[in-house]
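Below: one structure, written as structure tokens.
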Amino acid sequence: MRADARRNRERILDAALAVFAARGPSAAMEDVAREAGLGVGTLYRHFPDRRALVEEIAARSLQDLRDELRDLRAGGGPCWDVLSRTVAFCVGQPFALIKSLAEANAAPAGRLALQDEVDDLLMQIAEQAQREGAVRRDIEPREVVDLLSTVVCRPGARTDDALTKVVLDGLRAPVPAPVPEPS
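Going by the numbering used here, the first residue of the sequence shown is number 25, and it counts up by one from there.
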């Protein structure tokens with residue numbers, strides 16, 4: 025792909041995120057083109073329809089999350105920190121918007137495979153955090169992933185909001201009470 029075509033594609037993706045976030049998932053494709061500073065024909069040459077555009081946004085966001093998870097794991101350190109940093113990364117991503125846009129259509133195999141890869145990485149991190157004693161053992165790793173998804177795939181998600189704090193606090197393994205010394 026030529027450099028100018030690549031730039032145009034990125035402008036469209038960035039504009040689509042902004043327009044969909046501001047006007048909702050039913051915003052006109054013409055608004056996306058206008059926000060990108062491009063003609064509608066250019067938009068449709070890159071993305072033949074809304075679904076193709078939404079799928080590209082979803083795939084790009086999932087790829088970014090996958091890469092972030094790999095980097096965080098490679099950096100070492102306690103897995104609880106990896107989970108916390110993952111939540112912080114995710115609230116800055118358009119996952120709520122992607123979820124609302126993508127729910128209307130069946131997901132293509134490529135996005136499903138990418139989602140499975142991300143979920144597998146998160147489950148591995150959750151399992152390791154359980155082995156480290158940081159995450160409760162009475163919650164399956166799949167449930168940990170589902171809870172984290174609930175936290176980050178909603179409008180207005182933040183690391184310091186009540187739902188995020190309560191879910192993360194609820195996932196933490198209880199600290200054993202100190203054993204009293206004999207009198």
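Even glycine gets a Cβ: it sits at the ideal position worked out from N, Cα and C.
Because the structure is a prediction, the values reported are computed rather than measured.
Assigned with DSSP and collapsed to three states, Arg-178 falls in coil, not helix or strand.
Here the region 54 to 64 does not lie against the region 108 to 121, with fewer than 3 beta-carbon pairs under 8 angstroms apart. A straight-line Cα-Cα distance of about 9 angstroms links Met-147 and Glu-164. Taking the Cα positions, Glu-59 is about 15 angstroms away from Leu-77.
Around the beta carbon of Pro-118, a 10 Å sphere encloses 16 or more other beta carbons of the protein chains shown; the residue is thus reported as buried. Annotation note: the region 73 to 161 contains the following uninterrupted alpha helix (DSSP H) runs of length 4 or greater, listed N- to C-terminal: 74 to 98, 103 to 115, 119 to 126, 133 to 155. Of the candidates Ala-29, Ser-173, Ile-81, Asn-32, Ile-81 places its Cα closest to the Cα of Pro-49.
Each residue's CA atom was taken as its position, placing Arg-135 and Asp-143 some 12 angstroms apart. The straight-line gap separating the alpha-carbon atoms of Ala-186 and Leu-145 is approximately 26 angstroms. If you compare the alpha carbons of Arg-74, Leu-192, Ile-122 with that of Arg-84, the shortest gap goes to Ile-122.
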